[in-house]
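Before any comments, here is the structure.
Residue numbers (this note's numbering): 927 to 1211.
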């Protein structure tokens, strides 16, 4: 018989968050869904489902994150799965992105996620069980022009999750970072994607091309968000979940291209790579 779990999902009003919420409720589990505003609209969308508890949360507010975690634990008694989904994209050349734009992207995608992790983990540590799932991106595995800053926030999540997995394993808690490719959500809409206000013409052949691609590819992305949501349900049900889970053939292809290029660089520069140890260390080898 399936053991009912309680999920805590950020950014649940649309996109991946909404799709995952639907799939989790359909599986019979409970969901604490966080939204920045209009909580009553999400409640109504699910016809006042008793397994759904909606909480207002701006993840950049650490006090709110702690309050939301406490509300979740009080309402359902425990928190078994955390899905850090809230975040947004920034399309800009690295030089184009202003200091304010960069800081805000990190404030939400990295520091906001850490706020939620710190708020939820005390409950998981107390029960000596749980699963932290952080959402990264294909851009968190391999960067590309126009996505350098945004990708770096997702690279951060890859590294944070790797560390978390090692730290939490002795406590009976899993950590996974999921890297989706391009899925047919509203990520390329203005609601989820911010474009820099500082355009530099010299980047027209690279970042300019990416801006045009973002417009043309919107609503034509290869990934199916409903299938992604089912992958999350399967992931949370696993007794031995992976630390890294890329989703989408585009993500897998991009990552394999990167690792192949990396291996070629190592082969081409092997003597330099291996020639930097102290002589006394080399002599002992």
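Ideal Cβ positions, reconstructed from N, Cα and C, are used throughout, including at glycine.
The alpha-carbon of residue 1191 is positioned some 45 Å away from that of residue 962.
Residue 1092 has its alpha-carbon roughly 16 Å from the corresponding atom of residue 1044. The residues 978, in chain order, have a CB closer than 6 Å to that of residue 972 in the same chain once the five nearest residues on each side in sequence are set aside.
Judged by DSSP secondary structure, residue 1090 falls outside any beta strand (DSSP E) and instead within the alpha helix (DSSP H) spanning 1074-1094.
The residue from 1205, 1131 and 1157 with its alpha-carbon nearest to that of residue 1019 is 1131. Rounded to whole angstroms, the separation of the alpha carbons of residue 996 and residue 1154 is 29 Å. The alpha carbon of residue 1134 has as its nearest neighbour, out of 1072, 1142, 1103 and 1174, the alpha carbon of 1072. Here the alpha carbon of residue 1194 sits roughly 10 Å from the alpha carbon of residue 1188.
Residue 1198 has its alpha-carbon roughly 52 Å from the corresponding atom of residue 993. In the assembly as shown, residue 1022 is a buried residue. Its beta-carbon has 16 or more other beta-carbons within 10 Å. Residue 1029 counts as exposed, since fewer than 16 other C-beta atoms from the protein chains shown sit within 10 angstroms of its C-beta.
In this structure, residue 949 sits near residue 1159, with a CB-CB distance shorter than 9 Å. Secondary structure note for residue 980: it is in no alpha helix (DSSP H), and the uninterrupted beta strand (DSSP E) holding it is 978-982. Rounded to the nearest angstrom, the Cβ distance from residue 1104 to residue 1046 is 17 Å, too far for a contact under 8 Å. Contact annotation: residue 1122 and residue 1169 have beta-carbon atoms that are not nearer than 9 Å.
Here the alpha carbon of residue 1075 sits roughly 22 Å from the alpha carbon of residue 936.
Here the C-alpha atom of residue 934 lies approximately 51 Å from the C-alpha atom of residue 1208. Within the stretch 929-979, the beta strand (DSSP E) runs of at least 3 residues that lie entirely inside it are, in chain order, 932-935 and 956-961. The residue from 1012, 1050, 1048 and 1049 with its alpha-carbon nearest to that of residue 1032 is 1012. Just so you know, the alpha carbons of residue 975 and residue 956 end up roughly 10 Å apart. Residue environment for residue 1070: exposed (fewer than 16 other C-beta atoms within 10 angstroms of its C-beta). The residue among 946, 1027, 1094 and 1183 with its C-alpha nearest the C-alpha of residue 1054 is 1094. One Cα belongs to residue 1042, the other to residue 1035, and the distance between them is close to 11 Å.
Residue 1200 counts as exposed, since fewer than 16 other beta carbons sit within 10 angstroms of its beta carbon.
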